[in-house]
Amino acid sequence: MIIQNLWTVLFIVATVYSVYYSRKLKETVNDKSSELISNEILHVVVPEIFSPIIAGAVYFYSWRKSMPKKASQANKYSWIIIGIFVFFGIIWNSLTGNSY
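One gets the numbering used here by counting positions in the sequence shown from 1 and adding 54 to each.
In structure tokens, the structure reads:
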């Protein structure tokens, strides 16, 4: 029960942070045609670990017109994280026979 509540809180925090950071970066970036730099990658990937679908969609749809390279890069990271979760979920389920 505590673990489930913790994941819910982390999901909400990650979603809110992704909205905040997408707006902040959209306003402060000078070179809108560049790719994500290492600091920006960290700010994009960490929320996507806890909320890959929602955070990835927030980044992609808020940046796709103004910063298309950053949007596609954030979307790529989101799909990679989803793929990793699916892969480890299949491995976990096949080894233990449990869904969790």
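Even for Gly, the Cβ is constructed at its ideal location relative to N, Cα and C.
Note that the structure is a prediction, hence the values are computed from the model and not measured.
Span of the alpha helix (DSSP H) holding residue i?
| i | result |
| --- | --- |
| L60 | I56 to T82 |
| E89 | Premise fails: E89 is in no alpha helix (DSSP H) and is neither H nor E. |
| G143 | P122 to T150 |
| S116 | P106 to W117 |
Restricting to Cα atoms, I'd like to know which of the options is closest to residue i.
| i | options | result |
| --- | --- | --- |
| S126 | L60, I95 and Y74 | I95 |
| I107 | L60, E89 and W133 | W133 |
| V98 | A128, G143, M55 and M121 | A128 |
| Y71 | I103, I56 and N59 | I103 |
Give a single yes or no on whether residue i has its beta carbon closer than 7 Å to a heavy atom of the ligand FMN.
| i | result |
| --- | --- |
| Y75 | Inclusion of the ligand FMN in the displayed structure is not the case, the ligand content being empty and no account of it being possible. |
At the level of alpha carbons, what is the spacing between residue i and residue j?
| i | j | result |
| --- | --- | --- |
| V73 | S92 | 19 Å |
| F141 | Y131 | 15 Å |
| F65 | D85 | 30 Å |
Check whether the Cβ atoms of residue i and residue j lie closer than 8 Å to each other.
| i | j | result |
| --- | --- | --- |
| G69 | S105 | Note that residue 69 is Thr in the sequence shown, not Gly. The answer is yes: Cβ separation under 8 Å. |
| S88 | K123 | yes |
| K80 | M121 | yes |
| P101 | A109 | yes |
> Counting Cβ pairs closer than 8 Å, one from the stretch 144–152 and one from the stretch 107–121, do we hit at least three?
Replying inline: no
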